[in-house]
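In the working numbering, each residue carries its 1-based index in the sequence shown increased by 577.
Remarks on the structure that follows.
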Amino acid sequence: MAKSSKNIQIAAVAVIAVVAIAAIGIVLMGGLGADDKSALEKIKDQGKLVVGTSAGFPPFEMLNTSAAGGVEGIDMDVAKAIADALDVELEIKNYDDFSVLITALQNGKIDMVIAGMTITDDRNESATFSMPYYKADQALVVLKSNTDILSTADLAGKVVAVNTGTTGQYYIEDNLPDVGEMKPYGTASDTFQALSGNKVDAVIIDSPVAANYISDTNPYKIVETIETNEFYGIAMSKNNSEDLVTEVNKILEDLIDSGEMEKIISKWSQA
């Protein structure tokens, strides 16, 4: 991504931040019981923030055994910034399948999800989201040798790979009824391996992730950017999480306003 594109993404996120925070205040209704500890109090009591993610979604989360928690990327730097601001340790729990993250959150196995997760109406029914911290679209990717697929209009009868439970999958389900077959995979890297192995004809995936796979040495090319105007947020439990959401939003605002968020994105993104 070019620097100008990153600036646009940060600006777009900042513009809707106030609206998002106000909406969160409306969603988080009700009070705490006398004996109930809030989500933030529990995190501080245990001295640890447990973040769920799904590596294989570069540049947001990638496996690296030498990195803290075995995962690195944009989201992991954001997670570290949140843990530092809360003055607690950070524990990363990596899940092979992106689609199980919300369930892990609901079951109390993690405190939040930071995984390049788009804020959607359906997900808002199962989790409470922070203000957005990144704007993305979808991208259509094929092999460089492919001259038949130039846009989504050429996907009739084709086999298309997506990440399970992602907005790429939802986009096909809602907008591309003529696709021959949609094949869901657990991670972004799995979808691109399927493409390079000629198991599928194309991949539809978040645009910043697609850009990360484009290089002179990789066999892929982006043939269309699909403007879906998605916003990534941090998912937290709906149970007693009002104070945690408020605190996370303050931390994200500080990261954006100080320019630190742009530095994090630039650090991990392709130029």
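Think of the CB as a built atom: it goes at the ideal place given N, C-alpha and C, for glycine as much as any other residue.
- ALA730 is classed as exposed because its beta carbon has fewer than 16 other beta carbons within 10 Å across all chains shown.
- Look at the beta carbons and you see the stretch 715 to 735 not touching the stretch 638 to 658: under three pairs across the two are nearer than 8 Å.
- Here THR764 is buried: its Cβ has 16 or more other Cβ atoms, across all protein chains shown, within 10 Å.
- In the DSSP assignment, VAL665 falls outside any beta strand (DSSP E) and carries neither an H nor an E.
- Taken in chain order, the unbroken stretches of beta strand (DSSP E) that lie wholly in the stretch 763 to 795 and span 3 residues or more are 779 to 783.
- In this structure ASP652 is buried. Its beta-carbon is surrounded by 16 or more other beta-carbon atoms within 10 angstroms.
- Under the criterion of beta carbons closer than 8 Å, MET689 and VAL648 do not qualify as touching, at roughly 14 Å.
- No Cβ-Cβ contact shorter than 9 Å links MET813 with ALA660.
- For LEU663, the closest alpha carbon among the candidates LEU617, GLU758, VAL719 is that of LEU617.
- If you look at ALA681, you'll find it in the alpha helix (DSSP H) that goes 678 to 683.
- Assignment of PHE637 by DSSP, reduced to helix, strand and coil, places it in the coil class.
- Taking all protein chains in view, the Cβ of GLN746 is crowded by 16 or more other Cβ atoms within 10 Å, so the residue is classified as buried.
- Annotation for GLY650: PRO635, PRO636, PHE637, GLU638, MET639, TRP845 place their beta carbon closer than 7 Å to its own, counting only its chain and skipping 5 residues before and after.
- Burial state of PRO754 is exposed, judged by a 10 Å Cβ sphere holding fewer than 16 other Cβ atoms.
- Assigned with DSSP and collapsed to three states, ASP654 falls in helix.
- By the beta-carbon neighbour count (other beta carbons within 10 angstroms, threshold 16), GLY742 is buried.
- With a 10 Å radius around the Cβ and a threshold of 16 neighbouring Cβ atoms, GLN715 comes out buried.
- Taking a contact to require three or more Cβ pairs closer than 8 Å, the stretch 679 to 689 and the stretch 777 to 785 do not qualify as touching.
- Every alpha helix (DSSP H) stretch that sits fully inside the stretch 683 to 718 and reaches 4 residues is listed by chain position as 698 to 701.
- Under DSSP, MET813 forms a beta bridge with MET689, THR705.
- Ranked by Cα distance from ILE696, the options TYR809, LEU682, ASP831 are led by TYR809.
- Distance check between ASP831 and each of ASP622, GLY624, MET694, TYR710 places TYR710 closest, using alpha-carbon atoms only.
- DSSP places LYS625 inside the beta strand (DSSP E), whose first and last residues are 625 to 630.
- Look at TYR672 here: in three-state DSSP terms it is coil, with no helix or strand label.
- Rounded to the nearest whole angstrom, the CA to CA distance from GLN770 to THR642 is 21 Å.
- Per the DSSP secondary-structure output, ALA733 pairs in a beta bridge with VAL756.
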